[in-house]
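*Asks:* The structure that follows is given in the form of structure tokens.
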Amino acid sequence: MTPSSALTPPSPSARLERRPASLIVTGNPNVGKSVLFHALTGRYAAVSNYPGTTVMVSEGRTSLDGVAARIYDTPGLNSLAASSEDEVVARELLLRRQAAVLQVGDAKNLLRAVLLALELAEAEIPSVLVLNMMDEARERDIAIDADRLSALLGVPVVETIATQRWGLDRLRRAIPQARAARRRVSYPSVIEEAAAEAARILPQDCRAGRALALLWLAGDPAVIAQLTDQEPAEALAALTRIRAKAQERTAVSLSRLISDARLQEARRLVTQVMTTAVRTRRPWLERAGDLAMHPVWGVPVLLATLAAMYVLVGDLAAQRGVDFFEEVIFGRYLIPAIRWVVEGLVPWAWLQALFVGPYGLLTMALPYAFAIILPIVGMFFLCFGFIEDVGYLPRLAVVANRFCRLLGLNGKAVLPLVLGLGCGTMATMTTRILESRRDRVLVTLLLALGIPCSAQLGVILAMLAGRPPLAAAVWLGVVAAVVVVVGQAAARVLPGEESPFLYELPPLRRPKLSNILLKTLGRLEWYVKEAVPLFFLGTLVLFVLHTTGLLAVLERAASPLVVSWLGLPVEATAALLVGFLRRDFGAAGFFALQRQGRLSGVQTVTALVTITLLIPCIAQYFMMVKERGWRTANLTAAFVIGVALTVGGLVFRALTSLGLAV
Amino acid sequence: MSVRSEPIEELLELCWTAAEDGLVPLDRDRLPTQLVCFLPHPIEPDGGLEQDTIEAMIGEGLVLAEGRRIRLSPAGVSRAREIVRRHRLTEVLLRNVLQVSDASMESTACQVEHILNLEVTEAVCAFLGHPPACPHGRAIPPGRCCEASQARVQPLLVPLARLAIGEQSTLAFIHTKRHVYLQRLSALGVAPGVSLSVRQTQPALVIQVGETELALDPQAGQEIFVRRRPPGSPSP
């Protein structure tokens, strides 16, 4: 990623956006920025109860005092000294855009909001401080004197409960009053003098001079890289000299002097405006949160969660739901009707086949997309949305910490891995919350290799549900073993240190049904828009291959691999082929084969292991290219295909020779 | 002796602290002015006196000189160890037991370090439970008393990892070389003086600071030092 500049003069297009009616929503992670963004713009941005939901900037529009304004929702950050990619993006936007800032803070964590507010003050960014989640602060008997805080900081302070839309009118009225905070941290003289000297060297049109100078002194890697790129050599040398000279004058690292002074100032402010009462007992939600990450009880909680999802997704949706849609709705009514219409309207047999043949758009793509996959992913999205909304995922990261260390990763990496169970493409993007390139590459690889996405997982669960429990055990054991072995090996091969682990655990919250439904609908909309066209494309490809006879050629060519090595029926070639377009499309092909009674137990397990490990869908592949670059993405893809086919064949042989009844 | 012992001791302390940060040998014409711990603690820049002191120290064999570069001799190291030990123990006493403010902690420690004798120093050290580091996170050189009584006394200051689950404590200092980690902790409000409790240690270390719950790596459990608080006592 190339951080764009806070220093270069704004380009003409940026100048257009210099109108004051432009607003950036920022603040600590998981304080409700996206909820507020949604409330102000009506544009839904994904909302979950864990830090790191928003990894990219989204843009929306609203009107303030009748004036149209753009609003940007940004990833959370605790300090302008950003460490992960998503934080760097947020920081760049703050320092570059001439926009007002809506700083959202968690009222019950006032100190952290004030810490960030003091940094925004140094950057002279006009802002409004929003104290959100006032309900949770009140539940904890925390009282805040917002007027006093506003007077002390010098910016408007508004109390809100964004999820209940409480305080939003006051917020809208306060936004035009946004101004840069007056309150300044007084640093030790070493820092003050060096910062003033450094700020003089930095370009004049940069309003954030002092903030940048302080980041430079603190040795912020992103700012150093950026200034090294853009500053003339002599200015850079002067800046380096200033920092070295300052460091010579003190035995304590400059970064520590800076953060210490800032923290002292923030504490001084907070003690003046906040009062807390001692709590005698913890509310039940907090105790439930403890249970969910308890070293012993955390495991049954996880198993119960998985069991509930198995029942809902694997049984209710994948068996009953699919039966109903495929056999009743499609089998009994829709398909015969479609056949009748097409055969009545289209005189040519080959064109009829395009719509209603064995690889017909309306008889294959349509039921695959809507009768098989849609009920399964719909239910999965609903379950997953519920888990996200409650705030279980960060606790899962704690429980899975040990497993993650086995993979050479720390607990934070579990979040993208778990999100990969939702959608590998989105999860690949979420690797931005990880701090080292090593971790990002490693997680991207594991996502491509061993983490089935929701659509695929649903179908896998459905196929396993029809087999004895041993089948599920073999599938899970093999996939987990491959992930651990590859993770271990890659962790050793990849250069770089394990990154330190520091992850915030938000409180468990009562799930909000409207948010879950909204999010599920959003995901289903995405599914219909992004995935369904690929189903039709894949079917079209198969139709062309079939009609031209190429499919038979391909099946023959792949037969040593598919039939001899993997031990699958020859029709599986088509399923493997379209699996490259969409993971679930491939899975659906196998599902259909199984329902027709064409797969034995051994073949089912072999097929499941192979498609679970096999190459991610085309969207995830392109996301890998976008996030990691062509070279890494192609290497990863080639590696994954090799491993999947090798392991698949081995599983087939092992199961056959052991004679296991799976 | 033409130079009093106090300036000598200040310079010994400065050389020790500089050596901890790898700033040796020191340029005697450009001594760091804000040393000792990390609060401003300037040595009066009256260059003449400083140079006389250094000459006297060279004369006494406390300091080795190579041109204008100076470093502690073995004899200087052992004297510096005592004075640094007294200074930092005093800081711990003032901050964690008497809970005086940072500014008076510094100024008092600077005076007290020159008058404590060995017996009193060991008594203070034992009283504090042989603390490993000062409130600024710098190591306190261990004395003989520390080795003798290792782990026999329940110390007041312990690394986070030794805290029982649910036990209340106050963060005393963070001793780490991981600057970025320290910065991030600081941005989360985790710094000396905050109330802190351990929620669980397995499968990951989870602490509660105010209303923030954080999962940390095991290394942090060794780097964060806390002062134990008896149950029921109010937070500072």
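Residue numbers (my numbering), protein chains in the order written: chain P, -8 to 653; chain D, 10 to 245. Just so it is clear, CB atoms sit at the ideal spot from N, CA and C, and this is done for glycine as well. Quick caveat: nothing in here was measured; it's all calculated off a predicted structure.
For the alpha helix (DSSP H) containing Ser49(P), list its first residue and its last residue.
*Replies:* Note, Ser49(P): premise wrong, no alpha helix (DSSP H); beta strand (DSSP E) at 49 to 55.
*Asks:* Per DSSP, which one or two residues make a beta bridge with Pro168(D)?
*Replies:* Partner(s): Phe234(D).
*Asks:* Just to confirm the assignment: which complete alpha helix (DSSP H) runs, minimum length 4, are found wholly within the segment 255 to 314 of chain P?
*Replies:* Correct list: 275 to 283, 289 to 300.
*Asks:* Three or more beta-carbon pairs under 8 Å between the segment 394 to 404 of chain P and the segment 582 to 598 of chain P, yes or no?
*Replies:* At 8 Å Cβ cutoff, the stretches do not touch.
*Asks:* Compute the beta-carbon to beta-carbon distance between Phe581(P) and Ala563(P), rounded to the nearest angstrom, for a pair I have assumed lies under 8 Å.
*Replies:* The Cβ separation is near 7 Å, so the contact holds.
*Asks:* Closest Cβ-Cβ distance between Ser14(D) and chain P: below 7 Å?
*Replies:* So no, Ser14(D) is outside the interface.
*Asks:* Starting from the N-terminal side, write out each stretch of the alpha helix (DSSP H) that is 4 residues or longer and does not extend beyond the segment 487 to 560 of chain P.
*Replies:* If we require 4 residues or more, the alpha helix (DSSP H) runs fully inside the segment 487 to 560 of chain P come out as 504 to 517, 523 to 538, 541 to 550.
*Asks:* So with Cβ pairs under 7 Å, would you call Asn69(P) a contact of chain D?
*Replies:* Yes, Asn69(P) counts as interfacial toward chain D.
*Asks:* Could you tell me the alpha carbon to alpha carbon distance between Val634(P) and Val554(P), rounded to whole angstroms?
*Replies:* Straight-line Cα distance between these residues: approximately 18 Å.
*Asks:* In whole angstroms, what is the alpha-carbon distance linking Ser74(P) and Glu19(D)?
*Replies:* Distance between the alpha carbons of Ser74(P) and Glu19(D) is about 39 Å.
*Asks:* Check for me: the alpha helix (DSSP H) holding Gly449(P) runs from which residue to which?
*Replies:* Segment 445 to 456, the alpha helix (DSSP H) holding Gly449(P).
*Asks:* Which residues bound the beta strand (DSSP E) around Gly633(P)?
*Replies:* Careful: Gly633(P) lies outside any beta strand (DSSP E), inside the alpha helix (DSSP H) at 621 to 649.
*Asks:* So what does Leu81(D) bridge to, in DSSP terms?
*Replies:* Partner(s): Val72(D).
*Asks:* According to a CB-to-CB cut-off of less than 8 Å, which residues of the segment 468 to 495 of chain P neighbour chain D?
*Replies:* Within the segment 468 to 495 of chain P, the qualifying residues are Pro491, Phe492, Leu493, Tyr494, Glu495.
*Asks:* Might you give, ordered along the chain, the residues of its own chain that have their beta carbon closer than 7 Å to the beta carbon of Arg238(D), omitting 5 neighbours on each side?
*Replies:* Around Arg238(D): Gln177, Ser178, Thr179.
*Asks:* Can you give me the Cβ contacts of Pro167(P) inside the same chain, cut-off strictly under 7 Å, excluding the 5 residues immediately before and after it?
*Replies:* Within the same chain, Pro167(P) has close Cβ partners Leu55, Asp56.
*Asks:* Under a Cβ-count criterion, where at least 16 other Cβ atoms within 10 Å of its own Cβ denotes burial, should Ile124(D) be classed as buried or exposed?
*Replies:* When all chains shown are included, Ile124(D) counts as exposed.
*Asks:* Assess contact between the segment 238 to 246 of chain P and the segment 254 to 271 of chain P, defined as three or more Cβ pairs (one per stretch) separated by less than 8 Å. Is contact present?
*Replies:* The segment 238 to 246 of chain P vs the segment 254 to 271 of chain P: no contact.
*Asks:* With DSSP as the reference, label Val38(P) as helix, strand or coil.
*Replies:* Three-state result, Val38(P): coil.
*Asks:* Once DSSP output is grouped into helix, strand and coil, what is the label at Leu120(P)?
*Replies:* Leu120(P) falls in the strand class under three-state DSSP.
*Asks:* Note down, in chain order, every chain P residue with its Cβ under 8 Å from the Cβ of Val133(D).
*Replies:* Within 8 Å Cβ-Cβ: nothing; Val133(D) doesn't reach chain P, min ~24 Å.
*Asks:* With a threshold of 8 Å, are at least 3 pairs of Cβ atoms found where one atom belongs to the segment 501 to 510 of chain P and the other to the segment 621 to 641 of chain P?
*Replies:* These segments do not touch.
*Asks:* Taking contact to mean 3 or more Cβ pairs, one atom from each stretch, closer than 8 Å, check whether the segment 110 to 125 of chain D and the segment 73 to 89 of chain D are in contact.
*Replies:* Output reads no: the segment 73 to 89 of chain D does not touch the segment 110 to 125 of chain D.
*Asks:* Ser13(P) by DSSP, collapsed to three states: which one?
*Replies:* Reduced to three states, the DSSP call for Ser13(P) is strand.
*Asks:* With a threshold of 8 Å, are at least 3 pairs of Cβ atoms found where one atom belongs to the segment 92 to 109 of chain P and the other to the segment 260 to 269 of chain P?
*Replies:* Judged by Cβ distances under 8 Å, the segment 92 to 109 of chain P makes contact with the segment 260 to 269 of chain P, as three or more pairs qualify.
*Asks:* Could you check the C-alpha separation between Met355(P) and Thr530(P) for me, to the nearest Å?
*Replies:* Computed Cα separation, rounded: 7 Å.
*Asks:* Grouping DSSP H, G and I as helix and E and B as strand, with all else coil, what is Gly441(P)?
*Replies:* Residue state, collapsed to three classes: helix.
*Asks:* Output the distance between the C-alpha atoms of Leu605(P) and Leu437(P), rounded to the nearest integer angstrom.
*Replies:* The straight-line gap from Cα to Cα measures roughly 11 Å.
*Asks:* Taking all protein chains shown into account, decide if Leu357(P) is buried (16 or more other Cβ within 10 angstroms of its Cβ) or exposed.
*Replies:* Answer is buried; the Cβ neighbour count reaches 16.
*Asks:* Might you give, ordered along the chain, the residues of its own chain that have their beta carbon closer than 7 Å to the beta carbon of Phe526(P), omitting 5 neighbours on each side?
*Replies:* Correct list, in chain order: Ala356, Tyr359, Ala360, Arg573, Phe576.
*Asks:* Where do the ends of the alpha helix (DSSP H) carrying Ile133(P) lie?
*Replies:* Segment 133 to 135 is the beta strand (DSSP E) holding Ile133(P); no alpha helix (DSSP H) there.
*Asks:* Against chain D, with Cβ distances strictly below 7 Å, would Pro286(P) count as a contact?
*Replies:* For Pro286(P), the answer is yes, since a Cβ of chain D falls inside 7 Å of its Cβ.
*Asks:* Indicate whether at least one CB of chain P lies closer than 7 Å to the CB of Arg161(D).
*Replies:* Only weak support is given to the placement of Arg161(D): the predicted model assigns it a pLDDT of 47, under 50, and the question is left unresolved by the model.
*Asks:* For Gly413(P), which residues in the same chain have their Cβ closer than 6 Å to its Cβ, ignoring the five residues on either side in sequence?
*Replies:* Result list for Gly413(P): Phe375, Ser445, in chain order.
*Asks:* Determine which residues of the segment 211 to 231 of chain D have a Cβ less than 8 Å from any Cβ of chain P, and write them out in chain order.
*Replies:* Correct list: Gln211, Pro212, Ala213, Val215, Gly219, Glu220, Thr221, Glu222, Leu223, Ala224, Leu225, Asp226, Gln228, Ala229.
*Asks:* By the three-class DSSP mapping on this structure, what secondary structure does Phe613(P) have?
*Replies:* In this structure, Phe613(P) counts as helix in the three-state DSSP scheme.
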